[in-house]
Amino acid sequence: MDILKTMTGFIAYLTDSNRVVEKNNFFDPHLGRICATNWHLVNQNQIVRLELWWQGSCKVRIEKTSDISEWVFYHTGCKTTGSSFTILSRTIGCVRNGTRTVYTVDENTGLLIY
Amino acid sequence: MHLKTYDFATGDVVSDRAEELDFGAIVQGDHCQIPAVLRIYPDTEVSISDLKVYLSNNGGWSTSEFGYYTSPSFVTNVWPGSEKLNNHFVEMRDATQGSPNGVSLNVTDSTSDFLWLDADIGSNQLGSTSVSYRFIFNYT
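These protein sequence lines map, in sequence, to chains C and A. The numbering of the first sequence is this note's numbering, which starts it at 1 and goes up by one. The numbering of the second sequence is this note's numbering, which starts it at 115 and goes up by one.
(1) Give a yes or no on whether the C-beta atoms belonging to C/G77 and A/Y253 are separated by under 8 Å.
(2) For a test of the three-state rule: what should DSSP assign to C/N18, helix, strand or coil?
(3) Which same chain residues, not among the five before or five after C/G110, have their C-beta less than 8 Å away from its C-beta?
(4) According to DSSP, is A/I250 helix, strand or coil?
(5) What's the C-alpha gap between C/K23 and C/N38?
(6) On a Cα-Cα basis, can you pick out the residue from A/D227, A/S226 and A/M115 that is closest to A/V160?
(7) Determine the direct distance from the alpha carbon of C/D16 to that of A/N215, and round the result to whole angstroms.
(8) Is A/K118 helix, strand or coil by DSSP?
(9) Checking the sheet assignment: what are the DSSP bridge partners for A/A132?
(10) Report buried or exposed for C/T81, applying the criterion of at least 16 other Cβ atoms within 10 angstroms of its Cβ.
(11) I'd like to know if the region 100 to 114 of chain C and the region 185 to 201 of chain A are in contact, where contact means that at least 3 CB-CB pairs between them fall below 8 Å.
(12) Would you mind stating whether A/I154 and A/A233 have Cβ atoms separated by less than 8 Å?
(13) Please confirm whether A/M115 has its beta-carbon closer than 8 Å to some beta-carbon of chain C.
(14) Using the rule of at least 16 other Cβ atoms within 10 Å of the residue's Cβ for burial, across every protein chain shown, is C/E51 buried or exposed?
(15) Which residues does DSSP list as the beta-bridge partners of A/K166?
(16) Starting from the N-terminal side, write out each stretch of the beta strand (DSSP E) that is 3 residues or longer and does not extend beyond the region 16 to 91 of chain C.
(17) Quick one, which residues of the region 47 to 80 of chain C are near chain A if we go by CB-CB under 8 Å, in chain order?
(18) Taking the beta carbon of C/G93 as the centre, do at least 16 other beta carbons fall within 10 Å, making it buried, or is it exposed?
(19) Between C/A12 and chain A, is any beta-carbon pair separated by less than 8 Å?
(20) State the Cα-Cα distance for the pair C/I11 and C/V21, rounded to the nearest angstrom.
(21) Is C/I68 closer than 8 Å to C/R100 when the C-beta atoms are compared?
(22) Use the C-beta contact count for C/I34: other C-beta atoms within 10 angstroms, 16 or more gives buried, fewer gives exposed.
(23) Name the chain A residues that come within less than 7 Å of C/H115, Cβ to Cβ?
(24) Specify, as a first and last residue, the run of the beta strand (DSSP E) that A/A123 falls within.
(25) Considering only the alpha carbon of each residue, which of C/Y74, C/A36 and C/E63 lies closest to C/V48?
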């Protein structure tokens with residue numbers, strides 16, 4: 001559980017009792033390049049719970065229900081000419097009965113933005 | 115993400131990874147010498163969506179105007195001051211994801227929208243300045 005003390009990002013719990021923890025800027029040998037996140041490696045059909053953590057605190061938890069057809073995850077980033085790239089926020093969510101609901105956590109403050 | 119810049123006359127790539135945009139010679143009371151032409155491409159991002167461009171800093175040149183034009187393909191008849199560049203940015207120092215004033219661009223691995231930028235300098239604007247643009251987008 002030590003990883004959770006400082007965890008920022010998504011945790012996807014799967015039907016086989018495994019979990020996938022967010023990684024950033026890692027080398028994906030299948031794509032043959034560095035990837036910003038590992039969300040594309042998560043089998044969405046196997047997700048039973050999706051959480052969004054910020055600096056060791058779980059900010060959002062979504063449990064799988066039969067009416068969820070799709071899961072959502074993304075970062076929102078900002079690049080200004082002449083300056084370095086920054087992450088503004090991270091978002092998880094789901095599509096439930098055709099309606100998309102997302103929850104966004106500010107990267108600097110940890111505040112939940114509805 | 116990274117910016118590729120293009121020659122506005124030929125469409126040839128000027129820079130594969132531009133950090134700053136070149137408007138050519140800038141003089142009071144006139145449009146820039148050349149429009150900046152760019153496309154945005156993913157870098158480490160597996161996907162990019164909902165990308166918007168903002169004028170984050172007009173360099174204090176409050177009476178200058180900053181035009182733009184977008185197209186999914188390169189066109190040659192976009193020159194400084196042309197009708198196509200009549201849409202103008204509004205300075206948004208604190209632009210956020212929800213701001214309505216951003217310019218939307220489609221970005222993919224293989225092809226992305228072109229963006230032309232024009233600077234029309236006010237006749238009373240003095241001194242050197244640095245204009246910056248901000249790109250806000252979702253990615254995984």
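From the three backbone atoms N, C-alpha and C, an ideal C-beta is built for every residue, glycine too.
Straight from the coordinates:
(1) yes
(2) coil
(3) W54, Q55, S57 and K59
(4) strand
(5) 6 Å
(6) A/M115
(7) Their backbone Cα atoms lie some 45 Å apart in a straight line.
(8) Strand, per DSSP.
(9) A/L117
(10) That one is buried.
(11) no
(12) Not a contact, by the Cβ cut-off of 8 Å.
(13) Any Cβ of chain C closer than 8 Å to the Cβ of A/M115 would place that residue at the interface, and such an atom is present.
(14) buried
(15) A/S218 and A/I250
(16) 19 to 21, 24 to 28, 33 to 37, 47 to 54, 57 to 63 and 68 to 80
(17) F73, Y74, H75, T76, G77, C78, K79 and T80
(18) buried
(19) C/A12 does not count as touching chain A.
(20) 5 Å
(21) In this structure, C/R100 sits away from C/I68, with a CB-CB distance that is not shorter than 8 Å.
(22) exposed
(23) Outside the shown range of chain C, which is 1 to 114, sits residue 115 of chain C, and nothing can be said about it.
(24) Taken as a continuous stretch (DSSP letters only), A/A123 belongs to no beta strand (DSSP E), as it is neither H nor E.
(25) C/E63
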